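In terms of the working numbering, the sequence shown is residues 8 to 302. Notes follow once the structure below has been shown.
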Amino acid sequence: MNSDNKTEQNVLEMLKSDDPVLKTETLYNLSFEEVDNNIVKIVIQLISDEDKSVRNAASNFLIQNSNPLIPASVIDFISSPDISIRNLAGEILLRKGVESLDAICKRLPEIKDDDDIKFLVDILGLIGDKCPEDLIIDILTVNQNENVIVACIEALGNIFSEKGVEKIITFYDKADVLKPVVIEAAGKIRTLKSLKFITEKFKSDDDLLKFTMIESMGEIGDEDTFYFLLSQVESLNGALIWPLLESIYKLKVKYDLDVPFDDRIKKCVLDTIINSEPRYQIVAAHLVTVFDDPE
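Here's what the structure looks like:
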C-alpha cells in the first residue's frame, strides 16, 4: 500500500471513529480540493452525526469542496425528520449556489412530498439563477398545495422570471393569502405587464396590499405611474403616505420629473417627517431640499 492509500485509510478511520473531537479535527484539517470520493461520501453522511460540532465541520467542508457528488447526495437529507439536519442540508445546497441547480432540478420532478418540494423551490429562488424557471412554472401549474404555490411565485419573483409573470398573475384572485405574494413577485420582475397589472389592481380595500403595490410601482413605474401616484395623494392617508412619497421621489429622480410643492404634498412631507420610519423620513428630507433649491 502506497503512502497516499495509507493516508486515505487513516482519514477514513478517523472519520468513522466514535470520538467527535477527532472527527471534527479531521474534517477541519482536510484539504478542500484534492479529496477522494470515498472520503467525500463519508463526510456527506456526517451531516447527520449526533454531535453538532461534527455536523458543522462536515457542512463547512461540503460547502467548500467542489466535488460534483455533493449536491445530489446532500438532497437526500432534506427529508430528514430532524429539522436541524434538514436545514443544514438546505444551507449546503444554497451556499453551493449554481453548483446545486442541476441536482435539484433533476430531483424535483421525482419528489412527491409537498414539504420537500417547497423546500427545494425556496432554495432555487434564493440561489437566484433563472435557468430553473420552466421547471418552477411547471410545478406552479400542476401543484395544488398552497405552500408550494407561494414558494413557486416567490421563487419566480426572486429569479426575475419574465416568462413567469403571466402565470403568476392568474393566482391573484384565487385566494386572499396569495394577493400580496403575487404583487411582490410581479413587482420584482419589472415588466410592463407587471406594472399594468399592479396599477389595475390598485383599487383594493386592503391597505397592506396597497402598501406593497405602491412600493412596487416605485421600483418598476414609468412617467405615467409618477402622475398616477401624485393623483393618489389626496385620497390616501396614514402609513400609506410614506411609501407613496418614497415611490414618487424614486420616479422623480429616475425620470427627472418635477414634484409640485403644493399644500397636499407639503402635508405629506410633514406627516412623513414627524410620524414615519427613518427610511421614509430621509426621502421626505430630500424632497424638502429639492423644494428649497432655487433652481
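Just so you know, even glycine gets a beta-carbon here, dropped at the ideal spot from N, CA and C. Note that the coordinates shown come from a computational prediction; the quantities given were computed from them, not determined experimentally.
Whole-angstrom distance between residue j and residue i, CA atom to CA atom
{"i": "Asp121", "j": "Tyr179", "result": "21 Å"}
{"i": "Ile54", "j": "Cys138", "result": "28 Å"}
{"i": "Ala162", "j": "Ile196", "result": "11 Å"}
{"i": "Glu134", "j": "Leu216", "result": "The sequence given here places Ile at residue 134; Glu does not occur at that position. C-alpha separation (whole angstroms): 27 Å."}
{"i": "Leu147", "j": "Phe204", "result": "19 Å"}
{"i": "Ser254", "j": "Glu191", "result": "15 Å"}
{"i": "Ser318", "j": "Met224", "result": "With the chain covering only 8 through 302, there is no way to say anything about residue 318."}
{"i": "Ile289", "j": "Leu22", "result": "55 Å"}
{"i": "Ser168", "j": "Met220", "result": "19 Å"}
{"i": "Lys274", "j": "Thr177", "result": "38 Å"}
{"i": "Ile51", "j": "Ala65", "result": "7 Å"}
{"i": "Thr31", "j": "Ile49", "result": "13 Å"}
{"i": "Asp141", "j": "Lys181", "result": "22 Å"}
{"i": "Val42", "j": "Ile143", "result": "34 Å"}
{"i": "Val61", "j": "Lys261", "result": "51 Å"}
{"i": "Lys174", "j": "Thr296", "result": "43 Å"}
{"i": "Ser87", "j": "Glu57", "result": "13 Å"}
{"i": "Leu95", "j": "Lys59", "result": "11 Å"}
{"i": "Thr113", "j": "Gly194", "result": "The question names Thr, but residue 113 is Lys in the sequence shown. Straight-line Cα distance between these residues: approximately 29 Å."}
Beta-carbon proximity check, residue i vs residue j, cutoff 8 Å
{"i": "Leu199", "j": "Phe233", "result": "no"}
{"i": "Lys103", "j": "Pro78", "result": "yes"}
{"i": "Val47", "j": "Asn72", "result": "yes"}
{"i": "Arg93", "j": "Ile85", "result": "yes"}
{"i": "Leu236", "j": "Leu247", "result": "no"}
{"i": "Val184", "j": "Ile160", "result": "no"}
{"i": "Ile166", "j": "Ser201", "result": "no"}
{"i": "Phe68", "j": "Leu19", "result": "no"}
{"i": "Lys125", "j": "Val155", "result": "yes"}
{"i": "Ala110", "j": "Asp129", "result": "no"}
Range covered by the alpha helix (DSSP H) that runs through residue i
{"i": "Lys97", "result": "Per the sequence shown, the amino acid found at residue 97 is Gly instead of Lys. Note, Gly97: alpha helix (DSSP H), 90 to 103."}
{"i": "Ala110", "result": "108 to 114"}
{"i": "Cys138", "result": "Here Cys138 belongs to no alpha helix (DSSP H), and DSSP marks it neither H nor E."}
{"i": "Ala64", "result": "59 to 71"}
{"i": "Asn44", "result": "44 to 52"}
{"i": "Asp121", "result": "121 to 134"}
{"i": "Asn36", "result": "27 to 36"}
{"i": "Ser80", "result": "76 to 81"}
Residue i Cβ short of 7 Å to the ligand ATP heavy atom set
{"i": "Lys274", "result": "Absence of the ligand ATP is noted for the structure shown, with no ligands found whatsoever."}
Cβ-based burial, residue i [other Cβ within 10 Å; buried from 16]
{"i": "Glu230", "result": "exposed"}
{"i": "Arg271", "result": "exposed"}
{"i": "Ser107", "result": "buried"}
{"i": "Ser283", "result": "buried"}
{"i": "Ile99", "result": "buried"}
{"i": "Tyr287", "result": "buried"}
{"i": "Asp265", "result": "exposed"}
{"i": "Ser80", "result": "buried"}
{"i": "Ile90", "result": "exposed"}
{"i": "Tyr256", "result": "buried"}
### Query
What residue ranges within the segment 156 to 236 form continuous alpha helix (DSSP H) runs of no fewer than 4 residues, ordered along the chain?
172 to 176, 186 to 196, 199 to 207, 214 to 227
### Task
For the segment 229 to 277, list the alpha helix (DSSP H) runs that are entirely contained and at least 4 residues long, ordered along the chain.
The alpha helix (DSSP H) runs of length 4 or more contained entirely in the segment 229 to 277 are, from start to end of the chain, 230 to 238, 248 to 262.
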